[in-house]
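Only one structure is covered here, and it is reproduced in the block below.
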Ligand SMILES: Nc1nc2c(ncn2[C@@H]2O[C@H](COP(=O)(O)OP(=O)(O)OP(=O)(O)O)[C@@H](O)[C@H]2O)c(=O)[nH]1
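Put into structure tokens, the structure is as follows:
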């Protein structure tokens, strides 16, 4: 069975290979060229983003400290704290604690939702360590404010506290003031407004291991799209309280497949389609044409030359070889044809050739009243010849007889054939009986002249023939009733008669 792929299958394979190469090239380009370049750029951008966030946080703490000083300067908290103050300063809580750490004034008010809040940061019985949130930092600088992050009932919050003294720099300690700002999403958005990243805050859970936070460079190269980094937010006591997720929005890696990709693939598809159309026109059509030509030859039983003027060299080689083959086949067929109608021993026409010729002659008679004379010849005492001189000599004698007899038949319309064994059959077309009789006499005379020695013949010292003929007069015979077998039977009868009368003679009968 032929398992070779067709041109369509080859094209499909080529198509798959092209697509695979395209995809591999894209992946290789992304992994080995684009990604390292992008990564280098992004590391710089991420570093800058994180720096900005740190810087903004620091700035905000300073801002809260400023608020503290302002409140101290306004002799806060002698008066009650109005809601407007929260709205005006964008803060959510205020505490005033006296020098003995007793809460004098405390108020929580969500400046966004304008709902009251209940902070417990001053519940020193439950959280004794919270006292440190109010006390000034013990680095020797008395007025250094305390600030940082703290967990509240409402989530992580910025806080800042300061000591209240009569004059700002020295004097009696009148207590402490603290402002609080909750880190709600709005605040984070505000916070990130001037930066290059989006921020989101999530409560820390026990299952989160701060050492295993998501860092963009930890993600496998193929999966990296938006660079994401996570930071742990520690409170003032260095206890992790939240996870800040930083998404670096301005530094997004281009997607794997964008409009450009569609355009490339479109162009690739169109090129493959164009190539297919071209390939069919260039290769498939001429091959099909040759195949059809060969098929037609086979159906019509007629060999023709294939076109040797194709645009493909290989096809021309194929056509040349095929044409060479057809020439050989034609020659062989012609030889075979000759052999079919040739007697192998004598190399004259055989019985089959004679029968065909005879049929044509009878048709001529029927159509045009052209008569003929059919003659049968038989070598006399040939068995004795073989027996006395051997079979090979018999063969040679038959060849000589055939040569003598064919010498009388020069026209295409006439024929001399070996009928079988030592018998010959002949036909003269469109001749008179006198001519035919003369020819037959000449044949017997030629045999005498040639004198093929036959020592054992009772008839003569040489090989003799007995002849019997059937003469068909084209003008007298009823052609429509003529039977070929009848003509041969009459000639055979005439031959028998010649034999009976002593051989080496001729007898003619009329049809
Ligand atoms: N050498 C040779 N002998 C052949 C060939 N074909 C037929 N013969 C021989 O021809 C002989 C014909 O013998 P018969 O039919 O008895 O006729 P005959 O001996 O010629 O006797 P008559 O015809 O009565 O004169 C046979 O012995 C055949 O073997 C052949 O091709 N070569």
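Numbering (the numbering used here), first residue to last: 1 to 511. Even for Gly, the Cβ is constructed at its ideal location relative to N, Cα and C.
A residue is called buried when at least 16 other Cβ atoms come within 10 angstroms of its Cβ; residue 398 meets this threshold and is buried. Assignment of residue 247 by DSSP, reduced to helix, strand and coil, places it in the strand class. Annotation: residue 333 to residue 303 spans about 11 angstroms, alpha carbon to alpha carbon. Contact annotation: residue 358 and residue 405 have beta-carbon atoms that are not nearer than 8 angstroms.
Counting only runs that start and end inside the stretch 15 to 103, the beta strand (DSSP E) elements of at least 3 residues fall at 93 to 97.
Between the alpha carbons of residue 58 and residue 101 lies a gap of roughly 27 angstroms. Taking every protein chain shown into account, the CB of residue 340 has fewer than 16 other CB atoms within 10 angstroms, so this residue is exposed.
For secondary structure counted as the alpha helix (DSSP H) over 4 or more consecutive residues, the stretch 415 to 495 holds these complete runs in sequence order: 433 to 450. The alpha-carbon separation between residue 25 and residue 325 amounts to approximately 49 angstroms. Ligand 1 has no heavy atom closer than 7 angstroms to the beta-carbon of residue 487. In the three-state reduction of the DSSP assignment, residue 269 falls in the helix class, which pools H, G and I. Between residue 87 and residue 179, the CB-CB gap reaches or exceeds 8 angstroms.
When C-beta atoms of the stretch 412 to 421 are compared with those of the stretch 350 to 357, three or more pairs fall below 8 angstroms, so the two segments count as touching.
Short of 8 angstroms from the beta carbon of residue 395, and not among the five residues preceding or following it, lie these beta carbons of its own chain, in chain order: 345. Between the C-alpha atoms of residue 275 and residue 249 there is a straight-line separation of about 43 angstroms.
Relative to the Cα of residue 469, the nearest Cα in the group 510, 448, 443 belongs to 510. For residue 408, no beta strand (DSSP E) encloses it, and the DSSP letter there is neither H nor E. Taking a 10 Å sphere around the C-beta of residue 205, we find fewer than 16 other C-beta atoms and assign the residue as exposed.
For residue 199, the enclosing beta strand (DSSP E) starts and ends at 198 to 203. Membership of residue 147 in the beta strand (DSSP E) is indicated by the continuous run 146 to 152.
Beta-bridge analysis with DSSP links residue 264 to no other residue. As computed with DSSP, residue 230 is found in a beta bridge with 245. With respect to the 8 angstroms criterion, residue 447 and residue 465 are classified as neighbours on the basis of their beta carbons. The beta carbon of residue 109 lies closer than 7 angstroms to those of 83, 86, 92, 116, 117 in the same chain, with the five residues before and after it left out.
Counting only residues of its own chain and dropping the five nearest sequence neighbours on each side, residue 477 has a CB closer than 8 angstroms to the CB of 365, 371, 511. Burial check for residue 129: the Cβ neighbour count within 10 Å stays below 16, so the residue is exposed.
The residue from 183, 271, 376, 309 with its alpha-carbon nearest to that of residue 150 is 183. Residue range 506 to 510 is occupied by the beta strand (DSSP E) that includes residue 506, with no alpha helix (DSSP H) assigned at that position.
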